[in-house]
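S.K.: Below is the structure I would like to discuss, written out as structure tokens.
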Amino acid sequence: MRVIVGSATHIGLVRDHNEDAFLVEPPLYAVADGMGGHLGGEVASSVALDTLQDAWRDSDLATALRKANDAVYGRALRDITVAGMGTTLTAVVVEGEEAHLAHVGDSRAYLMRGGDLRALTDDHSLVGEMVRSGDITDAEARVHPRRNIMTRAIGIDPNVEVDEDTLSVSEGDRILLCSDGLCGIVTDSEIRETLTANDDPQTAADVLVELANSAGGFDNVTVVVIDLAPGDAEADPETGTEAATTAEAEAAEPAEPERDPKEPDLGEPQAESQALATPAATPGDEADTSEPRARGGFFRKLFRRS
Ligand code: MN
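Start counting the sequence shown at 326; every next residue gets the next number (this note's numbering).
Right under this line is the structure:
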């Protein structure tokens, strides 16, 4: 069995930074969606992925996510310009016939097998909890006014609970990692259809990003498609190794979003003083200020309109 990977990230059509990041460092693959306003989101996702990359071989994957939490949390304490930052982190290590998963936040891992798509992760968000308890549907979650509230993230508290799982994988399986810029906008059935229609993992990744943007591109979108293909692991540098190398370079040095300083902002507060303020909800989220931090609730995307 060999692993062929496609990956793509895009700023979307509304945001002025790409705070998402991904890692393709076989056999480790991960997606992180940073948050925190101003520079915080980009710093959080990149610190988390750097730490994960350094730590995962020395410990189990969940421990590596806890180390990422320490790193992001510590950096936010030391550096006032990124205070309050956090990130999602969804990681998978594919070794032989096993895939080890570790996950915090509302990015997702999916398994596509035999034409069926199933989520491998729970969203650590308020709407995710409401969907699991049967209070609202997936469709309602995608448009819920409080869909941006996270219940768990990397870097927000000194300790974090990490979900972990190990599954058996075999030839023909496809694992998708994505940020909520995809799965919060596009339905699972659209994702399934796109994965079914595009055998090449890089094409599938690119088409999924286009799908998110054609549905509005309301958020940064990041996709990693990991195919377990027949054949020898070393057999095909053209696709396997080459694809991984390209993606690796992108992950190590994410393309800077082009920004025109003269361009008017998108109505989101940009001032540093606001970025550093204690959570003061956006107008539509007034009621959310009462969310107790103690239960893990905090404001995601404080500086974004929802
Ligand atoms: Mn996002």
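Where a beta carbon is used, it is the ideal one built from N, C-alpha and C, also for glycine.
Given a threshold of 16 other Cβ atoms within 10 Å of its Cβ, counted over all protein chains shown, does Leu633 qualify as buried or as exposed?
M.R.: Given a span of 326 to 631 for the chain in the structure shown, any question on residue 633 remains unanswerable.
S.K.: Could you tell me the boundaries of the alpha helix (DSSP H) in which Arg471 lies?
M.R.: No alpha helix (DSSP H) holds Arg471; DSSP gives it neither H nor E.
S.K.: Can Asn545 be considered in contact with the ligand MN, in the sense that its beta carbon sits closer than 7 Å to one or more heavy atoms?
M.R.: It does: the Cβ of Asn545 is within 7 Å (strictly closer) of some heavy atom of the ligand MN.
S.K.: The alpha helix (DSSP H) with Met455 in it runs from where to where?
M.R.: Per DSSP, Met455 belongs to the alpha helix (DSSP H) from 451–457.
S.K.: Which residues in the same chain as Ala380 place their Cβ atom closer than 6 Å to its Cβ, once the five residues preceding and following it in sequence are excluded?
M.R.: Once the five neighbours on either side are set aside, the close Cβ partners of Ala380 are Ala389, Lys392.
S.K.: Would you mind reading off the limits of the alpha helix (DSSP H) that contains Ile516?
M.R.: Ile516 -> alpha helix (DSSP H) spans 513–522.
S.K.: Return yes when the C-beta of Asp505 is under 7 Å from any heavy atom of the ligand MN, and no when it is not.
M.R.: Within the cutoff, so yes.
S.K.: Mind checking whether Gly366 and His342 have CB atoms under 8 Å apart?
M.R.: Contact flag set, yes.
S.K.: If you follow the beta strand (DSSP E) that Ala554 is in, where does it begin and where does it stop?
M.R.: Residues 546–554.
S.K.: Assign Glu465 to one of three DSSP states: helix, strand, or coil.
M.R.: Helix at Glu465.
S.K.: State yes or no: is the C-beta of Asp499 within less than 8 Å of the C-beta of Met437?
M.R.: Asp is not the amino acid found at residue 499; the sequence shown has Arg there. Their beta carbons are under 8 Å apart, which means Arg499 touches Met437 by this criterion.
S.K.: The alpha helix (DSSP H) that contains Val407, what's its start and end?
M.R.: Val407 -> no alpha helix (DSSP H), and no H or E assigned at all.
S.K.: Evaluate contact between the stretch 503–514 and the stretch 532–549, counting only Cβ atoms and requiring at least three cross-stretch pairs below 8 Å.
M.R.: Judged by Cβ distances under 8 Å, the stretch 503–514 makes contact with the stretch 532–549, as three or more pairs qualify.
S.K.: Apply the 10 Å Cβ neighbour rule to Asp431 and answer buried if 16 or more other Cβ atoms are within range, or exposed otherwise.
M.R.: Buried, by the Cβ-count rule.
S.K.: Going by the beta-carbon positions, is the gap between Val429 and His449 smaller than 8 Å?
M.R.: Their beta carbons are under 8 Å apart, which means Val429 touches His449 by this criterion.
S.K.: Where does Gly506 fall in DSSP's three states?
M.R.: Three-state DSSP puts Gly506 in a helix.
S.K.: Would you identify the three-state DSSP class for Leu492, choosing helix, strand or coil?
M.R.: In the structure shown, Leu492 sits in a strand (DSSP, three-state: E or B).
S.K.: Using a Cβ-Cβ cutoff of less than 8 Å, which residues in the same chain neighbour Arg557 once the five nearest sequence positions on both sides are dropped?
M.R.: For the record, residue 557 in the displayed sequence is Asp; it is not Arg. Closer than 8 Å at the Cβ level, and outside the excluded window around Asp557, lie Arg327.
S.K.: Which residues share a DSSP beta bridge with Met326?
M.R.: DSSP lists no partner for Met326.
S.K.: From Val456, Glu518, Ser539, pick the residue whose C-alpha is nearest to that of Ala466; which is it?
M.R.: Ranking Val456, Glu518, Ser539 by Cα distance to Ala466 puts Val456 first.
S.K.: Are Gly337 and Tyr398 close, meaning C-beta to C-beta below 8 Å?
M.R.: No, they are not a contact pair.
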